[in-house]
Amino acid sequence: MSAKYQLKLYITGQTPRSRRAIENLYQTCQEMLNGRYDLTIIDVLEHPELAEEEKILATPTLIKVNPPPLRRIIGDLSDTEKVFIGLDLQINRVFHLPKGNLKDE
Amino acid sequence: MSKNTTAPILKLKTGIPGFDDITNGGLPQGRTTLISGTAGSAKTVFAVQFLGAGIEKSGEPGVFVTFEESPADIRQNMVSFGWDIQKWEDQGLWAFVDASPQLTEDTIFAGSYDLGALLARIEHAVQKTGAKRVAVDSLGAIFTQLTEYISVRSELFRIASALKKMGVTAVLTAERVQEYGEIARYGVEEFVADNVIILRNALEDEKRRRTIEILKFRGTAHQKGEFPFTIMAGSGIAIIPLSAIELKQSSSDIRITSGNQELDKMCGGGFFRDSIILVSGATGTGKTLTVTEFIAGGAAIGERCLLFAFEESREQLFRNATGWGVDFRKMEEEGTLKLICRYPEVAGPEDHLINMKAEIERFAPNRVAVDSLSALERVATVKGFREFVIGLTSFIKHKETAGLFTSTTPSLMGGTSVTEAHISTVTDSIIMLRYVEMYGEMRRGLTVLKMRGSMHDKEIREFTIDGRGMHIGKAFKNITGILVGNPMRIPQSEIERMSTLFQDDLGM
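Sequence order for the protein chains is A and B.
If you want the numbering used here, it's the 1-based position in the first sequence plus 3.
If you want the numbering used here, it's the 1-based position in the second sequence plus 1356.
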């Protein structure tokens, strides 16, 4: 059994782009991590000091705190292949996904 | 007449020396200004000084957004200018928004995004500190951190308009590739800001010359053209606002002694107290002697004298003065004289000017002498030298002190130097020293060519130099062509003919 994923997602308010990022992330987590994750969503408009602390430049930004290495994934997470690379998920598992998920992109 | 309901553009006094003069009062308040320049043109120094001067001179907090250098690097680099950023941060007057590249972390781009987080951080920092000023350094560096998933141009517009909405006065720096060419590297930066200022660091005749130019101030006036500036250790950027200098010094009719009674007589009773006197002559005609007597004359009545020497060392000057019966060493001990010897080559004309101004401020002299002004021609471009001369003379006049400058003419027998061409119109008096060749012998002549606001002796008089200084004697009668270096004796018959010529005219 692998370690639990610890993720932080920084967004700016309830914009379409923020919603897209959240939806895309939930979908990936649901399918690939099977509940083995903690996700914190931070709205930088409400907590700019947290964005300052992490030196967040762009939104949405996903930070993979655990497992190491620490990694930033910038964007609305619509590019699933890049998200998988960022989260160190096995690329070969992509092919086990139902085809519809990939076609959506 | 329609009523004008739009408020005029106010200006924010920046506190950067000289900058508020060339901008007619400072940067347009509540607006964004692009500061563009090549690598090494002092953009970051300008940005930091803009905030620093606001904190130190008007108590206005500032926010510094850095895309390039890390805050730690900036803090360290600015120490040499005397700016303690750490202290300002501790006092809550300065806040960094660190957007510099984080090289330790892996970043992957996966879809569209915007710079909303950066904006939120800037807004947060502005609110937290109550900032009136924001500096962004540098816009171009954003491009290197971002990828194709974003429209950088529209994001830059968003940042610029957000800064305006916050009501802060902002400077944004941008890099350009050439000194004379595109305003900025990516071709979009200039459209983001209301105003554009260009910093240049051009190489001219193997000499570096820094200038600042205000290219565009939307809806408000400014001075036009390039203004020289320099960067001083301990204080940062100082701009020399030449054409913005006002001719407003009062003029005095109090006379002071030249240190030589006979010369005083020729000038109609001495120099004016707040005048600029130029002494011109070939090497060895007695210019340094004139300076020495000018200083000795002032020191004798307790006046403070400041001498800038660019040609001779202290020891040489002491020895020369002793040779004419003047004791410089004693004057320095008594505090009536300060002697500053510098090689012209140690600095550019802008640095010399700022250093000299600082010395004059510090010593507060009654008399200033420069021996010689023309030595500085060596280190300056023609333009740079003219700006130096005008800058120095106007400063001395503002201080209402007397200034005596010497200028070495290139040829032994006559002619003028470049120095004279630049300075003659700003001087109040011109004294010419010339060699006069007569009957196989070199003699010396002196004339007062110009004496603004006073009668003066128009004759060319012979003078001699001995162990007690300069002795002015009789005029060279019946000789013409001394000043141009070609003395000729006029026959007696010609003189008689000339005198009757004018009498006849009167009689008609």
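A virtual CB, placed ideally from N, CA and C, is assigned to each residue, including glycine.
All of these numbers come straight from a predicted model, not from anything done at the bench.
Just reading off the beta strand (DSSP E) that B/Gly1758 is part of, what are its end residues? Looking at the sequence itself, residue 1758 of chain B is Ala, so the reference to Gly does not match. Ala1758 to Thr1764 is the span of the beta strand (DSSP E), which, as asked, contains B/Ala1758.
Assigned secondary structure, A/Asp107 (DSSP; H/G/I helix, E/B strand, else coil): With a pLDDT of only 44 at A/Asp107, under the threshold of 50, the placement of this residue in the model should not be trusted, and no figure is reported.
Interface flag, B/Gln1442 vs chain A, CB-CB below 8 Å: Judged by the 8 Å Cβ criterion, B/Gln1442 is not in contact with chain A.
Taking buried to mean at least 16 other C-beta atoms within 10 Å of its own C-beta, is B/Val1738 buried or exposed? Looking at its Cβ environment, which holds fewer than 16 other Cβ atoms inside 10 Å, B/Val1738 is exposed.
Could you give the distance in angstroms between the alpha-carbon of B/Leu1673 and the alpha-carbon of B/Pro1847? Rounded to whole angstroms, the separation of the alpha carbons of B/Pro1847 and B/Leu1673 is 43 Å.
How many Å lie between B/Thr1678 and B/Met1687 at the Cα? Taking the straight line joining both Cα atoms gives about 12 Å.
Which of helix, strand or coil does DSSP assign to B/His1578? Residue state, collapsed to three classes: coil.
Would you mind telling me which residues of chain B sit closer than 8 Å to A/Leu197, beta carbon to beta carbon, in chain order? This structure gives no information on residue 197 of chain A, because the portion of chain A shown stretches from 4 to 108.
Own chain partners of B/Arg1564 with C-beta closer than 8 Å, once the 5 adjacent residues on each side are dropped: If we look at B/Arg1564 and ignore the five residues flanking it on each side, its Cβ neighbours are Asn1557, Ala1558 and Gly1704.
Residue from B/Arg1698, B/Met1811 and B/Phe1406 whose Cα sits closest to the Cα of B/Gly1625: B/Gly1625 has its Cα closest to that of B/Met1811, out of B/Arg1698, B/Met1811 and B/Phe1406.
Among the residues of its own chain, which have a CB less than 8 Å from the CB of B/Ile1851, if the five just before and after it don't count? Result list for B/Ile1851: Asn1834, in chain order.
Please confirm whether A/Glu34 has its beta-carbon closer than 8 Å to some beta-carbon of chain B. No, its Cβ sits nowhere closer than 8 Å to a Cβ of chain B.
By DSSP, does B/Asn1676 sit in helix, in strand, or in coil? In this structure, DSSP gives B/Asn1676 a helical state, which the three-state scheme calls helix.
For B/Arg1532, collect the residues of the same chain with a Cβ closer than 7 Å to its Cβ; drop the 5 residues on either side in sequence, then sort them by chain order. For B/Arg1532, same chain residues with a beta-carbon under 7 Å away, outside a window of 5 residues either side, are Ser1392, Gly1393, Thr1394, Glu1538, Ile1539, Ala1540 and Arg1541 in chain order.
When the distance is taken between beta carbons, is B/Val1544 closer than 8 Å to B/Leu1502? It is not a contact, given that the beta carbons lie outside the stated cut-off.
Alpha carbon of B/Ser1780 to alpha carbon of B/Ile1786, nearest angstrom: Cα to Cα, B/Ser1780 sits roughly 7 Å from B/Ile1786.
Write down every uninterrupted run of the alpha helix (DSSP H) in the stretch 1381-1467 of chain B whose length is 4 residues or greater and which is fully enclosed by it, in chain order. You should have 1399-1414, 1427-1433 and 1441-1446.
Burial state of B/Glu1743, where buried means 16 or more other Cβ atoms lie within 10 Å: Buried, since its Cβ has 16 or more Cβ neighbours within 10 Å.
Below 8 Å on the Cβ atoms is my contact criterion, and I expect B/Phe1420 with B/Ala1491 to pass it. Report the Cβ-Cβ distance as a whole number of Å. Rounded to whole angstroms, the Cβ separation of B/Phe1420 and B/Ala1491 is 5 Å, and the two are in contact under 8 Å.
Once DSSP output is grouped into helix, strand and coil, what is the label at B/Ile1657? When DSSP states are grouped into helix, strand and coil, B/Ile1657 belongs to the coil group.
Anyone know if the C-beta pair for B/Ala1473 and A/Thr64 falls short of 8 Å? With respect to A/Thr64, B/Ala1473 sits close: the two C-beta atoms are nearer than 8 Å.
Who are the near neighbours of B/Asp1609 in its chain, counting only those whose CB is closer than 8 Å to its CB and skipping five residues on each side? Phe1628 and Gly1809.
Neighbour-count burial assignment, A/Leu73, 16 or more Cβ in a 10 Å radius: A/Leu73 comes out exposed.
Taking the alpha-carbon positions, what's the B/Ala1652 to B/His1708 distance? Looking at the two C-alpha atoms, the distance is approximately 25 Å.
8 Å contact criterion, which B/Ala1409 and B/Thr1370 should meet: CB distance rounded: The Cβ separation is near 6 Å, so the contact holds.
Pick out whichever of B/Gly1829, B/Ile1365, B/Leu1519 and B/Asn1433 has its Cα sitting closest to the Cα of B/Leu1475. Sorting B/Gly1829, B/Ile1365, B/Leu1519 and B/Asn1433 by C-alpha distance to the C-alpha of B/Leu1475 places B/Leu1519 at the top.
Could you tell me the alpha carbon to alpha carbon distance between A/Gln17 and B/Thr1500, rounded to whole angstroms? Spanning the two alpha carbons is a distance of roughly 28 Å.
Please work out which residues of its chain come closer than 8 Å, Cβ to Cβ, to B/Met1357, disregarding the five sequence neighbours upstream and downstream, and give them in chain order. Any reading at B/Met1357 needs caution, since the residue's pLDDT is 45, under 50, leaving its predicted position unreliable; the model's value is listed next. Excluding residues within five positions, none has a Cβ falling inside 8 Å.
Inside the stretch 1523-1564 of chain B only - beta strand (DSSP E) runs reaching at least 3 residues: Taken in chain order, the unbroken stretches of beta strand (DSSP E) that lie wholly in the stretch 1523-1564 of chain B and span 3 residues or more are 1525-1531 and 1551-1560.
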